[in-house]
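Below: the structure, in C-alpha cells.
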Amino acid sequence: MIRKEAAEFCGLSPATFRRLNESNRFPTPIRLTERRQGWRVSALLEWLDCREQGREWHEYRAALAGNDNRHRTTH
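Counted the way numbering that gives the first Met the number 0 counts, the sequence shown spans residues 0 to 74.
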C-alpha cells in the first residue's frame, strides 16, 4: 500500500503518518521500486492492534519477538 493509502487505511492525516514514520513509531516500509516505498497490510493491521492495546510500536514488536522484559524479575 502506498503512503496515501496507508495513511487513510490507518485513519491518519498525511502529516501525522509522516511524523510517526519518521520517528520510527510505525512499521518499516518495504521498497516497491527504486523510488517508491509501501507498507504491507499485515504490518498496518499489527500497528492498529498495537494502538488498540495502548502500546508503543517498538514495545509491541519486542513482545511478539519474546523480548518483553518488563515483567522479569532479577535475583
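For every residue, glycine included, the Cβ atom is placed at its ideal position computed from N, Cα and C.
Range of the contiguous alpha helix (DSSP H) that encloses residue i
| i | result |
| --- | --- |
| Glu55 | Taken as a continuous stretch (DSSP letters only), Glu55 belongs to no alpha helix (DSSP H), as it is neither H nor E. |
| Arg17 | Pro13 to Glu21 |
| Phe8 | Arg2 to Cys9 |
Proximal residues to residue i (C-beta, below 8 Å), its chain only, five neighbours per side dropped
| i | result |
| --- | --- |
| Thr15 | Ala6 |
| Arg35 | Ile1 |
Reference residue i; option with closest CA among the options
| i | options | result |
| --- | --- | --- |
| Glu45 | Lys3, Arg2 and Cys9 | Cys9 |
| Arg30 | Ala64, Gly65, Ala61 and Ile1 | Ile1 |
Span separating the alpha-carbon of residue i from that of residue j
| i | j | result |
| --- | --- | --- |
| Arg39 | Leu11 | 16 Å |
| Gln52 | Glu58 | 11 Å |
| Glu55 | Leu43 | 14 Å |
| Leu63 | Asn23 | 17 Å |
Contact set for residue i: own chain, Cβ-Cβ below 6 Å, skip 5 residues either direction
| i | result |
| --- | --- |
| Lys3 | none |
| Phe25 | Leu19 |
Beta-carbon contacts of residue i that lie in its chain and below 7 Å, excluding the five residues immediately before and after
| i | result |
| --- | --- |
| Cys49 | Trp56 and Tyr59 |
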